[in-house]
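Comments concern the structure below.
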Amino acid sequence: GPENLPMVRSLADALEASIGATREVTDAGWLPRQVQIGLSGKAIAPELYIAVAIRGPFNHTVGIQRSGTIVAINNSARSPIFRAADFGIIGDYAEVVPALTKAIKQRM
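Position in the sequence shown (from 1) plus 595 gives the number in the numbering used here.
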């Protein structure tokens, strides 16, 4: 939910990156429609794309297929996002994201 956005923003800030969203997130009003990625949003081509808790159906992954490296974080090994990912982390994003953010900040 929206209460987890600060955690995701911290990760993005550590990477000097932007935040994108799925249609579900923008439809719920948690983030503006301008950051929506996918079939009904925009296509992006970052060097690194980290999918946090995104299931990854075709309508989203079509918007990230030109990304350099795709890292997926999801608690379900069956999530379609892992088919599009170069690297996958199966786990609770609420635990993984803060640990990843901390590790990145320590290396910067």
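Virtual Cβ for every residue (Gly too), placed ideally from N, Cα, C.
Check: How about Val657 and Gly633: are their beta carbons less than 8 angstroms apart?
Finding: Here residue 657 refers to the residue found at position 62 of the sequence shown. Here residue 633 refers to the residue found at position 38 of the sequence shown. Cβ distance < 8 angstroms, so Val657 and Gly633 count as in contact.
Notebook entry, point to check: Can you round the beta-carbon distance between Leu606 and Ala616 to whole angstroms, since I take them to be within the 8 angstroms contact cut?
Noted result: Counting from 1 along the sequence shown, the entry for residue 606 is found at position 11. Counting from 1 along the sequence shown, the entry for residue 616 is found at position 21. Contact flag wrong, Cβ pair sits at about 14 angstroms.
Item checked: Coarse secondary structure for Thr617, derived from DSSP in three states -> Position 22 of the sequence shown, counted from the start, is the residue given in the question as residue 617. If DSSP states are grouped into helix, strand and coil, Thr617 belongs with coil.
Next item on the list: Rank Phe653, Gln631, Ala612 by C-alpha distance to the C-alpha of Val620 and give the top, closest one.
Entry: Start at 1 with the first residue of the sequence shown, and residue 620 comes out as number 25. Considering only alpha carbons, the answer is Gln631.
Note to self: What would DSSP say about Leu626, mapped onto helix, strand or coil?
What the structure shows: The sequence position of residue 626 within the sequence shown is 31, counting from 1. In the structure shown, Leu626 sits in coil (DSSP, three-state: anything other than H, G, I, E or B).
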